[in-house]
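So the sequence shown is numbered by this note's numbering: it starts at 46 and just counts up by one.
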Amino acid sequence: MRIPDLEASTDEELVRGFVEHKDRDALEVLLKRHESRVYGLAYRILGNRNDALEATQETFLSVFRNIRKFRHQSAFATWLYRLTSNACYDIGRKLQRTPVPAEEVETTSSDRPDRVESAAGKIDIQRALGGLLLEQRTAMIMRDVYGLSYQEIAEATDAPLGTVKSRIARGREAMAHLLEPESAQARLSVEGGNS
Numbered sequence: 046m047r048i049p050d051l052e053a054s055t056d057e058e059l060v061r062g063f064v065e066h067k068d069r070d071a072l073e074v075l076l077k078r079h080e081s082r083v084y085g086l087a088y089r090i091l092g093n094r095n096d097a098l099e100a101t102q103e104t105f106l107s108v109f110r111n112i113r114k115f116r117h118q119s120a121f122a123t124w125l126y127r128l129t130s131n132a133c134y135d136i137g138r139k140l141q142r143t144p145v146p147a148e149e150v151e152t153t154s155s156d157r158p159d160r161v162e163s164a165a166g167k168i169d170i171q172r173a174l175g176g177l178l179l180e181q182r183t184a185m186i187m188r189d190v191y192g193l194s195y196q197e198i199a200e201a202t203d204a205p206l207g208t209v210k211s212r213i214a215r216g217r218e219a220m221a222h223l224l225e226p227e228s229a230q231a232r233l234s235v236e237g238g239n240s
């Protein structure tokens with residue numbers, strides 16, 4: 046079968062095509078379909094481009110090694126997010142560091158204040174996300190960025206539903222605290238006094 050013909054297939058049809066008929070084109074279409082979402086999730090969790098690329102590669106290797114174990118009890122995307130979060134957790138534990146965005150958004154070259162404020166806000170949010178526990182950050186991103194239900198997040202992270210709800214609530218509370226103007230000002234004062 047040709048790749049354009051396969052692009053209209055569902056994820057589950059592509060999985061079956063690869064597992065049952067050893068159709069490598071089906072796997073290629075499946076992975077290309079989800080590549081940007083896997084990378085985006087990994088980047089938001091890890092906060093570093095190189096780490097996100099490594100997590101994406103590890104996720105797709107896991108898909109290739111384990112796709113025959115996929116039982117179709119949940120959506121393929123949910124299973125894929127589970128593999129992605131596991132790869133991110135492994136990398137996060139290996140690095141034992143708080144993620145910091147690798148790329149800085151340049152705000153000085155823009156002559157439009159709204160674009161500068163928007164870019165600065167994105168940097169603040171990324172830094173605040175980096176200050177959360179990895180499990181909180183993962184659950185919040187899956188919920189608030191990817192729109193997964195609490196149940197889907199529980200399946201993707203292999204955590205009880207109550208734990209997922211708690212991680213999201215505590216993560217949001219921590220984010221609110223980290224993004225408070227007086228909290229940011231206090232941090233700047235402390236950092237400025239140390240230099």
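For every residue, glycine included, the Cβ atom is placed at its ideal position computed from N, Cα and C. Note that the structure is predicted; figures quoted are calculated from it, not measured.
- 189 is the residue among 98, 189, 105 and 87 whose C-alpha sits nearest the C-alpha of residue 216.
- Every unbroken stretch of the alpha helix (DSSP H) spanning 4 or more residues and falling wholly within the segment 165 to 213 is given here in chain order: 179 to 185 and 195 to 202.
- Nearest Cα to residue 200 within the set 101, 88 and 131: 131.
- Secondary structure at residue 131: helix, using DSSP grouped into helix, strand and coil.
- In this structure, residue 109 lies near residue 72, with their beta-carbon atoms less than 9 Å apart.
- For residue 67, no alpha helix (DSSP H) encloses it, and the DSSP letter there is neither H nor E.
- Beta-carbon to beta-carbon, residue 86 and residue 170 are separated by about 16 Å, too far to satisfy the 8 Å threshold.
- Look at residue 93 here: in three-state DSSP terms it is coil, with no helix or strand label.
- In chain order, 68 and 71 place their CB closer than 6 Å to the CB of residue 62, counting only its own chain and leaving out the 5 sequence neighbours on each side.
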